[in-house]
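Right, one structure below, let's go through it.
Numbering (UniProt numbering), first residue to last: 1 to 361.
This is how it looks when you write it as structure tokens:
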């Protein structure tokens, strides 16, 4: 999507061509393109010892995750496809005081109920310091992809008051696994790498901490970004660009004028129990395609645009080719150990993050 209500939750689109920059307006969806004549200047890259130390800690924690009580048992017994006629037609029984409920996120009242439930209860970190601040617009964007099923948006309500007290969703996806295309329900579990854009604020609210032998001024200098982008003509995506961007993303379209594409969306977090800040503005890398411009340069430009728009942190998964820029652009690994999980599907060898081509919201 390239347009939408002005809201804190949106996706930024950036396009590079030789046109003048478009006016800066907030959108729900966004991405970036680059022409064949774009400059190929490589951004300066310097890795600090603190980032390397974080990466070593992250890799060590991966070894510990191999002894996980649940993941050691997966994928478990594989069941053949079940005929629809054999699927239990009625939902499982809940305790007497609760009822199942289908949540139509298109309904304003229901969207508000889901928003309030997540706002009050969805804590994203172990220390209960931050909470995802999903907006109604973001929820609708994430939960209503093409061919979605309202019946997959499931809630639990108190019988007496009809209050929504639980919520789980899935969206349809066609995922290629090796040579097979598998239809499945997508329910996401993610671990992000974080790139500091406003390190002073991130440290003050407890999102990050000063590394060994690091001062606040040295940390700010380490993560400082240029004031303007490197790629000529790098601009905000417009509604008229949507068809070309879509084709580019699907096939990389090397034969077309548009040669590169980058995108990120916004999901702020509420900061709990901090006197100075109430919201952490986070950008999340979405899909990126680099066929002419170096991926490192493309993503460095995305960081600069995010900084210009006053984001505090830029998050990215280590899927696809993202590993090529994470360390060079000073991303640090998050401390969560979460997994992509293909239920009821077994592979001969586990997939590495770089083997995955899916970004979950």
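Ideal Cβ placement from N, Cα and C applies to all residues, glycine included. These numbers were taken from a predicted model, which means no experiment stands behind them.
Specify whether the stretch 144–155 and the stretch 100–107 touch according to this definition: at least 3 beta carbon pairs, one from each stretch, less than 8 Å apart.
Judged by Cβ distances under 8 Å, the stretch 144–155 makes contact with the stretch 100–107, as three or more pairs qualify.
Determine the extent of the alpha helix (DSSP H) in which residue 300 is found, giving its start and end residues. 295–308
| said: Residues in the same chain with beta-carbon distance under 6 Å from residue 322, minus the five sequence neighbours each way, listed in chain order, please. | reply: 316
(request) Could you give the DSSP three-state label for residue 176: helix, strand or coil? (result) strand
Exercise for the section: Answer with buried or exposed for residue 260, where buried requires no fewer than 16 other C-beta atoms within 10 angstroms of its C-beta. Expected result: buried
* Reference residue 94, options 147, 74, 158, closest by Cα -> 158
Report task. For residue 184, name the three-state secondary structure that DSSP assigns. Result -> strand
Let me check one thing: in DSSP terms, what residues is residue 349 bridge-paired to? Residue 349 pairs with nothing; no bridge assigned.
Can you tell me the Cβ-Cβ gap for residue 265 and residue 284, rounded? I've got them flagged as a contact below 8 Å. 5 Å
Check: Does the Cβ-Cβ distance between residue 298 and residue 306 come in under 8 Å?
Finding: Contact: no.
Q) Run through DSSP, which three-state label would residue 115 get? A) helix
Checklist entry - How many angstroms separate the CA atom of residue 232 from the CA atom of residue 301? => result 10 Å
DSSP beta-bridge partners of residue 323:
Per DSSP, none; premise fails for residue 323.
With which residues is residue 100 paired in a DSSP beta bridge? Its beta-bridge partners are 156.
| request: Measure the alpha-carbon distance for residue 256 versus residue 241 and round it to whole angstroms. | output: A caution first: residue 256 carries a pLDDT of 45, below 50, which makes its placement in the model unreliable, though a value can still be read off. Roughly 13 Å between the two C-alpha positions.
**Prompt:** Would residue 185 be called buried (16 or more neighbouring beta carbons within 10 Å of its own) or exposed?
**Reply:** exposed
For this session: Pull up the CB-CB distance for residue 282 and residue 318, whole angstroms please, since I reckon it's below 8 Å.
Result: So it is not a contact: roughly 17 Å between Cβ atoms.
Sequence-distant residues of the same chain with beta carbon closer than 6 Å to residue 182, five excluded per side: Excluding residues up to 5 positions away in sequence, 175 lie with their Cβ nearer than 6 Å to the Cβ of residue 182 in the same chain.
**OP:** Would you mind stating whether residue 330 and residue 222 have Cβ atoms separated by less than 8 Å?
**Re:** Yes, the Cβ-Cβ distance between residue 330 and residue 222 is below 8 Å.
Discussion item. In this structure, how does DSSP classify residue 78 when only helix, strand and coil are distinguished?
Written reply: coil
Going by the beta-carbon positions, is the gap between residue 199 and residue 219 smaller than 8 Å? Residue 219 sits close to residue 199, with the two beta carbons spaced by under 8 Å.
Endpoints, the beta strand (DSSP E) within which residue 235 is located:
Going by DSSP, residue 235 is part of the beta strand (DSSP E) stretching over 234–236.
- Specify the secondary structure class of residue 316 as computed by DSSP and reduced to three states. Judged by DSSP in its simplified three-state form, residue 316 adopts strand.
Subject >> Whole-number beta carbon distance between residue 270 and residue 133, since they are thought to touch under 8 Å >> reply: 5 Å
Next item on the list: Starting from the C-beta of residue 79, find all residues in its chain whose C-beta is less than 7 Å away, skip the five residues before and the five after it, and write them out in chain order.
Entry: For residue 79, where only same-chain residues beyond five positions count, the Cβ hits under 7 Å are 344.
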